[in-house]
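Have a look at the structure below, then the notes.
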Amino acid sequence: MCRSQKDQEACIFADKVRDFRQHKYDNQTLYTDTEAEQAAQNERSKCDFIQYFAELKEKRHKNSSKSIQVNWNRELALLKLYTGGKPLLFGRIDLNLIEDYKDLQIALNC
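Per the numbering used here, the very first residue in the sequence shown carries number 448; after that it's consecutive.
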């Protein structure tokens with residue numbers, strides 16, 4: 448197909464461009480799912496756990512018994528007390544925070 452020297456150089460160049468684009472396309476499909484999950488995880492880590500907890504309480508227990516609703520409301524109030532009314536981002540939740548929260552519950556005899 449490539450008869451002259453110039454044609455051969457053009458064919459080699461075109462082949463390298465095709466290889467580069469194919470590699471880029473292959474990587475795009477390979478990492479798209481992983482990157483999308485990481486982006487979603489990053490977004491979730493910026494959400495407020497206390498707001499999520501309140502929404503979950505309403506969604507799951509709006510028709511539950513009064514004692515169950517009292518327990519969820521008490522836990523929600525304790526979370527707000529623990530954070531001083533500030534948002535508690537999912538990304539901040541770690542073992543140390545959970546231990547501190549447990550210590551607060553023990554101190555308040557909950």
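Glycine residues also receive a C-beta, built at the ideal position from the N, C-alpha and C atoms.
Once DSSP output is grouped into helix, strand and coil, what is the label at residue i?
i           : result
residue 535 : coil
residue 541 : coil
residue 493 : coil
Taking the alpha helix (DSSP H) that residue i belongs to, which residues open and close that run?
i           : result
residue 555 : Note, residue 555: premise wrong, no alpha helix (DSSP H); not H, not E.
residue 504 : 496-508
residue 451 : Taken as a continuous stretch (DSSP letters only), residue 451 belongs to no alpha helix (DSSP H), as it is neither H nor E.
residue 514 : 513-530
Are residue i and residue j close, meaning C-beta to C-beta below 9 Å?
i           : j           : result
residue 516 : residue 506 : no
residue 529 : residue 499 : no
residue 494 : residue 536 : yes
Find the nearest neighbour of residue i within the set the options, judged by alpha-carbon distance.
i           : options            : result
residue 550 : 526, 537, 465      : 526
residue 533 : 496, 510, 467, 545 : 496
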